[in-house]
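In the numbering used here, the protein residues as written are 2 to 212.
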């Protein structure tokens, strides 16, 4: 396991997970949390030192335990450590729990009593991963039903409308502090000859004259 997930991978991965979680849960507006709150840099440094210390302790513990093993136990441990991940007992155990698969030699125990045109059926159980996923969809649907249809929480449309209403208020507040702001409400259409000629002169000077 350590060969597949070595220390130079473990520490950066765990540190990145902690950093992302911190940025996600700490509200810092439009700035990164570690910039807005400098104390977080100290926390990140402490967490990194803890990760390194844990790895050093685990490494020292492994060395101590290794000295207590017999030659046969040490060889067996080295063999287990050098196995591909898919061949380890850990992986095989998880795979068996998720699939509950049976060996080919055990097919005779699974054959059902009826067949059609010589086609035999195996009475296999549903894979636990599929069953758990199905139960998960039921739980999700129930929570969704209660949250949005019974308790009346905001759905995406309601959230959008609220955000747009807030944005509209913010725009109106901004307009009060920007009297020279030009928009469709402050622009006046000039149709008299003097204004048209002035606009023509500006266009010829700034556009045609530069081309």
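Idealized CB from N, CA, C, for every residue including glycine.
The structure presented is a predicted model; accordingly, all values stated were derived computationally and were not measured.
Member of the options whose CA lies at the smallest distance from the CA of residue i
i	options	result
residue 102	187, 199, 126 and 31	126
residue 17	28, 38, 37 and 52	52
residue 188	48, 180 and 194	180
residue 12	56, 38 and 61	56
residue 124	9, 204, 109 and 134	109
residue 99	205, 59, 190 and 133	133
is_contact[residue i, chain C] using C-beta, thresh 9 angstroms
i	result
residue 35	Among the protein chains of the structure shown there is no chain C, as only one such chain exists.
Euclidean distance between Cα positions of residue i and residue j
i	j	result
residue 142	residue 166	30 angstroms
residue 87	residue 79	16 angstroms
residue 149	residue 131	27 angstroms
residue 162	residue 147	22 angstroms
residue 208	residue 197	16 angstroms
residue 33	residue 41	11 angstroms
residue 201	residue 158	47 angstroms
residue 67	residue 107	40 angstroms
residue 54	residue 31	34 angstroms
residue 93	residue 105	16 angstroms
residue 7	residue 85	14 angstroms
residue 195	residue 156	55 angstroms
residue 129	residue 136	10 angstroms
residue 37	residue 74	53 angstroms
residue 48	residue 23	12 angstroms
residue 35	residue 97	43 angstroms
residue 160	residue 183	30 angstroms
residue 120	residue 10	50 angstroms
residue 27	residue 39	13 angstroms
residue 77	residue 139	45 angstroms
residue 171	residue 89	59 angstroms
residue 83	residue 25	38 angstroms
residue 174	residue 185	17 angstroms
Host alpha helix (DSSP H) of residue i (start-end)
i	result
residue 79	72-82
residue 152	That residue, residue 152, is in no alpha helix (DSSP H); it is neither H nor E in DSSP.
residue 68	40-68
residue 30	Premise fails: residue 30 is in no alpha helix (DSSP H) and is neither H nor E.
residue 139	129-145
residue 195	194-204
residue 98	90-100
N-terminal and C-terminal residue of the beta strand (DSSP E) that residue i is part of
i	result
residue 114	112-117
residue 121	120-123
Supposed contact pair residue j and residue i - C-beta distance, whole angstroms, cut 8 angstroms
i	j	result
residue 45	residue 15	Not quite, the Cβ-Cβ distance comes to about 12 angstroms (not below 8 angstroms), so this is no contact.
The ligand GTP heavy atom lying under 8 angstroms from the CB of residue i
i	result
residue 71	Absent from the structure shown: the ligand GTP. Ligands present: none.
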